[in-house]
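*Asks:* One structure follows; several queries about it will come next.
In UniProt numbering, the protein residues as written are 1 to 497.
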């Protein structure tokens, strides 16, 4: 902002300065030219009167009179650089040539002589007058006079404008110094004013950053009653309102987490009692009638799902409370995948699904919590089996020096981009009318994402309808070290097999 103001001021000063300097230069030049034209006219009239009053009877006498006149005019003025008396163009020099300085003869151009013959009795033009150090600005004034016995002659007077040029240069230097000084003062004043004006804005930015960092009681210092003070007061009111809402939301979230945790814990005891009773009924189901027998079996089977849901709720409450911790071990990820495949093979066989693995021959060691990573892979594999529609499920493992990746790819119904964006949401289902066929609490993928992030890794989903879906787990191989790009690609476009 300050730079823009100073630049605009400099441009304005440059425009005004150019106008002023041009006006001064033109004014000095025009005034001086008018004075010199008057002087040249007086000199020509004086010379004409002198030759007219002289009683000459011969060419030699007229030459003597003219010589005296030219010599007198050269001595009477320091402004006159030279005087020349030349015969009219095309006329014989009866009275000769008279030039006080031969270096000035070239200043009389043919154009000037032609115009002098055919136009007004006095003409002038700007010239560069030769000097010992080069040249200086000046003018040459041409007029006509008539010499007795010789006829019409051309009378030229050369004037130097060096003094005027020096005066103009001095004025220009003063203007430039003044302009630069004014720009410097303008820059200082602009910077000081901008700094003072933007100080509340900077303070507001710093306060907003601190509030965003979690210091909710940070406020601006409000002084005065101007617009900036009003801005500060409004900002403080907004910050106070945000603090109240955030604190209320945090309290509500804390209550909700406590409620989920407490309910999950409190349900453990009655669940144990119900399980004991259900086991007794399940063991004695052979003695029941068909309806009662089926009810006992359903009760026994659903208790497993209910207990799994309670465990998931407790686990998610630990994440929400920040109480989840890792038990890191240097583990070969191939063993994790092998354990999951062995566990899931019966389920896959029952659904006609083939589990295919693609793993390196050498160990892929990483600092992980084996229980949590195995839970992630198990959730992904079971999810793939459920949606593969009898197509194979590919489980791939790859690693580089810093990063390891596990990808689970199925070739089933797939999923849309919207589904992939929400698949890790808690209790979210793409098709609410479609019941799960393999248990599940609706929290498995949400817990998997939290487990991955707890390791400093990431879990991503991709899918295309009627093509398949892929889940990519990326983990750092060493705890506390940054994770690089995934060695495996997420967007795998394969035709359904």
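The C-beta atom is built at its ideal place from N, Cα and C for all residues, glycine as well. Please read all numbers here as calculations on a predicted model, not as lab measurements.
Do the stretch 38-45 and the stretch 175-190 touch if we need at least three Cβ pairs shorter than 8 Å?
*Replies:* In short, these stretches do not touch, since the Cβ pair count stays below three.
*Asks:* Assign residue 168 to one of two classes, buried (16 or more other C-beta atoms within 10 Å of its C-beta) or exposed (fewer than that).
*Replies:* Residue numbering aside, residue 168 sits at position 168 when the chain shown is read from its first letter. The residue in question, residue 168, is buried, as its Cβ has 16 or more Cβ neighbours within 10 Å.
*Asks:* In three-state DSSP terms, what is residue 436?
*Replies:* Residue 436 sits at position 436 when you count from the first residue of the chain shown. Per-residue confidence for residue 436 stands at a pLDDT of 49, beneath the threshold of 50, marking its modelled position as unreliable; the derived number appears in the next sentence. In this structure, residue 436 counts as coil in the three-state DSSP scheme.
*Asks:* Kindly give me the distance between the Cβ atoms of residue 356 and residue 325, rounded to whole angstroms, as I take these residues to be in contact under 8 Å.
*Replies:* Residue numbering aside, residue 356 sits at position 356 when the chain shown is read from its first letter. Residue numbering aside, residue 325 sits at position 325 when the chain shown is read from its first letter. Going by Cβ atoms, the distance from residue 356 to residue 325 rounds to 35 Å, so no, they are not a contact pair.
*Asks:* Within the stretch 393-458, note down every full beta strand (DSSP E) run reaching 3 residues or more, in order along the chain.
*Replies:* DSSP runs (the beta strand (DSSP E)) wholly in the stretch 393-458: 393-399, 403-410.
*Asks:* If we count Cβ pairs, one from each stretch, closer than 8 Å, do we get three or more for the stretch 468-481 versus the stretch 400-410?
*Replies:* Flag = yes, the stretch 468-481 and the stretch 400-410 touch.
*Asks:* Note down, in chain order, each residue of its chain lying with its Cβ closer than 8 Å to the Cβ of residue 183, except the 5 sequence neighbours on either side.
*Replies:* Stepping through the chain shown from its first residue, residue 183 is reached at position 183. Cβ neighbours of residue 183 beyond the five flanking positions: 6, 9, 10, 13.
*Asks:* Could you tell me which residues DSSP pairs with residue 331 in its beta bridges?
*Replies:* As a first step, residue 331 must be located in the chain shown, where it is residue number 331. Beta-bridge pairing links residue 331 to 366.
*Asks:* Terminal residues of the continuous alpha helix (DSSP H) containing residue 193?
*Replies:* Along the chain shown, one-based indexing puts residue 193 at 193. Its alpha helix (DSSP H) spans residues 162-212.
*Asks:* What's the call for residue 302, buried or exposed, on a 16-neighbour Cβ count within 10 Å?
*Replies:* Stepping through the chain shown from its first residue, residue 302 is reached at position 302. With fewer than 16 Cβ atoms within 10 Å of its Cβ, residue 302 is classed as exposed.
*Asks:* Taking the beta strand (DSSP E) that residue 123 falls in, what are its first and last residues?
*Replies:* Against the chain shown, residue 123 aligns to sequence position 123. From DSSP, the beta strand (DSSP E) with residue 123 extends over 122-131.
*Asks:* Within 10 Å of its beta-carbon, does residue 200 have 16 or more other beta-carbons around it, so buried, or fewer, so exposed?
*Replies:* Indexing the chain shown from 1 puts residue 200 at position 200. Classification for residue 200: buried.
*Asks:* How would you label residue 290, buried or exposed, when you count the other beta carbons within 10 angstroms and need 16 or more for buried?
*Replies:* Position 290 of the chain shown, counting from 1, holds the residue named residue 290. The residue is exposed, with fewer than 16 neighbouring Cβ atoms inside 10 Å.
*Asks:* DSSP state of residue 54, grouped into three classes?
*Replies:* Taking the first residue of the chain shown as 1, we reach residue 54 at position 54. Correct three-state label for residue 54: coil.
*Asks:* Given that a residue counts as buried once 16 or more other Cβ atoms are within 10 Å of its Cβ, and exposed if not, what is residue 485?
*Replies:* Locating residue 485 in the chain shown gives position 485, where the first residue counts as 1. With fewer than 16 other Cβ atoms within 10 Å, it is exposed.
*Asks:* Answer yes or no: do residue 116 and residue 158 have a C-beta to C-beta separation smaller than 8 Å?
*Replies:* Indexing the chain shown from 1 puts residue 116 at position 116. Indexing the chain shown from 1 puts residue 158 at position 158. In this structure, residue 158 does not lie closer than 8 Å to residue 116 by Cβ.
*Asks:* Going by beta-carbon coordinates alone, are residue 285 and residue 296 separated by less than 8 Å?
*Replies:* Residue mapping note: residue 285 aligns to position 285 of the chain shown, counting from 1. Residue mapping note: residue 296 aligns to position 296 of the chain shown, counting from 1. Taking 8 Å as the Cβ cut-off, residue 285 and residue 296 qualify as a contacting pair.
*Asks:* So what's residue 381 in DSSP terms, helix, strand or just coil?
*Replies:* Start at 1 with the first residue of the chain shown, and residue 381 comes out as number 381. The answer is helix: DSSP assigns residue 381 an H, G or I state.
*Asks:* Starting from the C-beta of residue 316, find all residues in its chain whose C-beta is less than 8 Å away, skip the five residues before and the five after it, and write them out in chain order.
*Replies:* Along the chain shown, read from residue 1 onward, the residue named residue 316 stands at position 316. Once the five neighbours on either side are set aside, the close Cβ partners of residue 316 are 260, 426, 443, 446, 447, 450.
*Asks:* Measuring CA to CA, which of 73, 150, 345, 418 is closest to residue 382?
*Replies:* Numbered from 1 along the chain shown, position 382 holds the residue referred to as residue 382. The candidate whose alpha carbon is nearest that of residue 382 is 345.
*Asks:* Express the C-alpha separation of residue 273 and residue 288 in angstroms, rounding to a whole number.
*Replies:* Looking up residue 288 in the chain shown gives position 288. Looking up residue 273 in the chain shown gives position 273. For residue 288 and residue 273, the distance between alpha carbons rounds to 21 Å.
*Asks:* Looking only at its chain, what residues have a beta carbon closer than 6 Å to the beta carbon of residue 466, apart from the 5 residues adjacent to it on each side?
*Replies:* Start at 1 with the first residue of the chain shown, and residue 466 comes out as number 466. Contacts found: 414.
*Asks:* Nearest-angstrom Cα distance between residue 19 and residue 179?
*Replies:* Residue 19 sits at position 19 when you count from the first residue of the chain shown. Residue 179 sits at position 179 when you count from the first residue of the chain shown. If I take the Cα positions, the gap works out to 13 Å.
*Asks:* For residue 216, which of 243, 32, 371 has the nearest alpha-carbon?
*Replies:* Along the chain shown, one-based indexing puts residue 216 at 216. Closest by alpha carbon: 243.
*Asks:* For the stretch 207-222 against the stretch 64-74, do three or more pairs of beta-carbon atoms, one drawn from each stretch, fall closer than 8 Å, so that the two count as touching?
*Replies:* No: fewer than three Cβ pairs fall under 8 Å.
*Asks:* Look at the Cβ atom of residue 139, then the Cβ atom of residue 123, and state whether they are nearer than 8 Å.
*Replies:* By 1-based counting over the chain shown, the position of residue 139 is 139. By 1-based counting over the chain shown, the position of residue 123 is 123. For residue 139 and residue 123, no; Cβs fall outside 8 Å.
*Asks:* Below 8 Å on the Cβ atoms is my guess for residue 52 versus residue 82; work out the distance and round it to an integer in Å.
*Replies:* In the chain shown, the residue the question calls residue 52 occupies position 52. In the chain shown, the residue the question calls residue 82 occupies position 82. At roughly 24 Å, the Cβ-Cβ gap does not stay under 8 Å, so residue 52 and residue 82 are not in contact.
*Asks:* When burial is assigned at 16 or more other CB atoms within 10 Å of the CB, is residue 237 buried or exposed?
*Replies:* Taking the chain shown and counting its residues from 1, one reaches residue 237 at position 237. Flag for residue 237 reads exposed.
*Asks:* Quick check on residue 227: does DSSP put it in helix, strand or coil?
*Replies:* Numbered from its first residue, the chain shown carries residue 227 at position 227. Here residue 227 sits in helix by DSSP.
*Asks:* Mind reading off the beta-carbon distance from residue 406 to residue 397? Whole number of angstroms is fine, and I expect it under 8 Å.
*Replies:* Within the chain shown, the letter at position 406 stands for residue 406. Within the chain shown, the letter at position 397 stands for residue 397. Contact flag correct, Cβ pair sits at about 5 Å.
*Asks:* Distance check for residue 137 and residue 50, CA to CA, integer angstroms please.
*Replies:* Here residue 50 refers to the residue found at position 50 when the chain shown is read from its first residue. Here residue 137 refers to the residue found at position 137 when the chain shown is read from its first residue. The straight-line gap from Cα to Cα measures roughly 31 Å.
*Asks:* Measure the C-alpha to C-alpha separation of residue 330 and residue 239 and round it to an integer number of angstroms.
*Replies:* Stepping through the chain shown from its first residue, residue 330 is reached at position 330. Stepping through the chain shown from its first residue, residue 239 is reached at position 239. Residue 330 and residue 239: Cα-Cα distance of roughly 47 Å.
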